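Each residue of the sequence shown is one higher than the one before, starting from 1 at the first, in full-length UniProt numbering.
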Amino acid sequence: MIKAHSMSNHSYRDSVAVFKLLTRDSGFFPNRYSFVFAFGACGNGLCVREGEQVFLHAVKVGLDCNVFVVNALIGMFGKWGDVEDARKVGCFMEALDLFHKMLQSEVKPNEYTMGNWIHVYIRRGEIKMNDRLLASLIDMYAKCGEIESASSVFCEHKVKRKVWPWNAMIGGFAMHGKPEEAINGKSYFELMGSDYGINPEIEHYGCMVDLLSRSGLLKDAEEMILSMPMAPDVAIWGALLNACRIYKDMERRYRIGRIIKEIDPNHIGCNVLLGNIYSTSERWNEARMLREKNEINSDRKKIPGFSSIELNGIFHQFLVGDRSHPKSKEIYSFLDEMISKLKIAGYVPELGEVLLDFDDEEDKETALSVHSEKLAIAFGLMNTAPGTPICIVKNLRVCADCHHATKFISKVYDRVIIVRDRMRYHHFKNGVCSCKDYW
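Structure follows, in structure tokens:
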């Protein structure tokens with residue numbers, strides 16, 4: 001349907017509309033062909049805003065580096081007459097070609113090496129460093145675990161920087177979530193106004209609250225919210241509420257939950273988080289009431305959680321407790337064996353993640369064991385050679401038990417496991433996750 005509309009002179013926008021339906025309501029992920037035809041429609045129909053949205057979605061699902069998708073992207077920019085952006089994408093393809101040559105020479109770069117190589121390429125190519133590119137470099141180094149390199153790049157270009165690099169640097173400190181780095185982030189936050197005359201906006205306060213929350217400095221985070229010159233929104237209180245859940249600060253999280261309900265009693269996201277908190281505390285009646293309230297107030301169809309894995313160009317999708325796969329019997333047999341090995345290695349299921357009222361703990365364990373992430377990972381382990389990285393895409397936030405279990409799986413089976421959930425990329429290796437257990 002996307003292809004058919006993209007090739008019609010009068011229905012380019014219909015092609016984009018079908019693409020949006022695929023990504024939003026169908027529960028399926030677009031593949032490279034979906035993006036190729038969507039970019040073609042946006043180019044032919046001069047649909048600039050829609051084209052930018054399609055590109056961002058390609059980045060989100062990890063297909064922005066696919067050669068077919070990139071070629072279609074260049075074509076779209078060309079049809080818009082945007083030669084500069086088309087040229088930039090072309091430079092990226094040149095960099096990608098060098099990357100392929102590196103692989104052919106059997107050099108295996110890690111995330112930091114690759115990011116640093118791109119940085120060197122920018123310098124040698126004398127590519128003009130603007131605020132957004134600077135922010136992207138800072139963000140890249142921070143996400144690779146190199147917060148010192150991120151800080152070095154930030155300081156190197158201190159004369160040019162405006163709002164975006166500040167956001168990236170403070171956000172980088174927040175991502176690493178260490179108390180000493182939180183102090184550095186706070187210093188940078190204060191420097192914005194005192195030395196550079198940039199008045200922090202609500203987004204900067206949001207970064208700082210997230211930074212302090214990740215570091216476990218919940219009292220400091222709450223004090224910062226209360227000292228804000230503007231009214232804090234639900235998102236800022238929600239960041240602290242999530243930290244209270246992770247650090248198990250019961251008293252504070254119930255107090256913040258009440259504040260959020262006063263600001264926006266119908267906020268679906270925070271009500272879901274608060275409902276989960278009630279469930280983990282076995283306050284089943286309150287959890288049930290919140291779920292019912294969400295169903296009444298939400299005009300959107302609830303999309304079930306699912307996990308997908310691609311093998312040999314074919315996407316395999318799993319729902320919780322899914323038995324529709326042709327190899328379902330083998331998958332569940334392997335899953336039982338996998339869970340047994342994890343328990344021997346020290347894995348203990350996070351029973352608090354079961355959000356339904358089961359009387360028997362064994363029933364709770366069974367409910368956790370058939371989550372879609374575990375089914376997808378089990379299928380990947382069954383069908384790939386030892387040592388092969390496994391990549392999973394989850395449409396919702398990965399639960400604490402699946403996160404906990406995946407750390408053990410990466411260690412027991414000696415695999416790198418990459419999980420892309422709605423929050424971030426999780427890189428599991430040797431029993432450790434790149435998110436440092438905060439997501």
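Heads up, the beta-carbon is just placed ideally off N, CA and C, and yes, glycines get one too.
Keep in mind the model is a prediction, meaning the values are calculated, not measured.
Query                                                                                                                           : Result
Assumed close pair Ile309, Cys391 - CB separation to whole angstroms, cut-off 8 angstroms                                       : 7 angstroms
Backbone CA spacing between Asn167 and Tyr438 [nearest angstrom]                                                                : 19 angstroms
Cβ neighbours of Met230 in the same chain (closer than 7 angstroms, five flanking residues each side left out)                  : Ile202
Straight-line gap, Phe315 to Val419 (C-alpha atoms, nearest Å)                                                                  : 15 angstroms
Touching by the beta-carbon criterion (3+ pairs, under 8 angstroms), the region 325 to 335 and the region 394 to 412            : no
Burial state of Asn276 (16 or more Cβ within 10 Å)                                                                              : buried
Nearest residue (CA-CA) to Val416, options Pro389, Asp139 and Ser136                                                            : Pro389
6 angstroms CB neighbourhood of Glu411 in its chain, flanking five on each side removed                                         : Rather than Glu, the amino acid found at residue 411 in this sequence is Lys. Only Asn430 and Gly431 meet the Cβ criterion.
Short CB-CB distance (under 8 angstroms) between Gly238 and chain C                                                             : The chain labelled as chain C is not found in the depicted structure, where only one protein chain is given.
DSSP-derived helix/strand/coil call for Tyr33                                                                                   : helix
Residues of its chain near Asp421, where Cβ-Cβ distance is below 7 angstroms and the 5 sequence neighbours each way are ignored : Lys394, Leu396, Arg397 and Val398
Limits of the alpha helix (DSSP H) - the one that His57 falls within                                                            : Val48 to Lys60
Pick from Tyr332, Glu251, Leu375 and Asn242 that is closest to Gly305, judged by C-alpha positions                              : Leu375
Collapsed DSSP secondary structure at Ser372 in the structure displayed                                                         : helix
Cβ shell of His204 (< 8 angstroms), same chain only, five flanking positions each side left out                                 : Trp166, Asn167, Ile170, Phe189 and Met192
For Ile392, three-class secondary structure by DSSP                                                                             : strand
Other residues of its chain near Asp264: CB distance less than 7 angstroms, five sequence neighbours each side excluded         : Val234
Nearest-angstrom Cβ-Cβ length linking Tyr413 and Leu368, presumed shorter than 8 angstroms                                      : That pair is no contact at about 19 angstroms.
For Trp164 and Ala135, believed in contact at Cβ under 8 angstroms, the rounded distance                                        : 4 angstroms
Residue interval of the alpha helix (DSSP H) (run including His325)                                                             : Taken as a continuous stretch (DSSP letters only), His325 belongs to no alpha helix (DSSP H), as it is neither H nor E.
Residue range of the alpha helix (DSSP H) that includes Lys261                                                                  : Met250 to Ile263
Burial state of Arg132, where buried means 16 or more other Cβ atoms lie within 10 Å                                            : exposed
Cβ distance (whole Å) where Ala72 is taken to contact Val36 below 8 angstroms                                                   : 4 angstroms
Rounded straight-line distance, which links the Cα of Gly43 to that of Gly75                                                    : 7 angstroms
Reduced DSSP secondary structure (H/G/I, E/B, other) of Glu310                                                                  : strand
Residue 441 versus Pro232 - alpha carbon distance                                                                               : Absent from the structure is residue 441, since the part of the chain shown begins at 1 and ends at 439.
Ser372 beta carbon less than 8 angstroms from that of Leu311                                                                    : no
Cβ-Cβ distance between Ala400 and Leu342 below 8 angstroms                                                                      : no
Between the CA atoms of Phe39 and Asn66 - distance to the nearest angstrom                                                      : 13 angstroms
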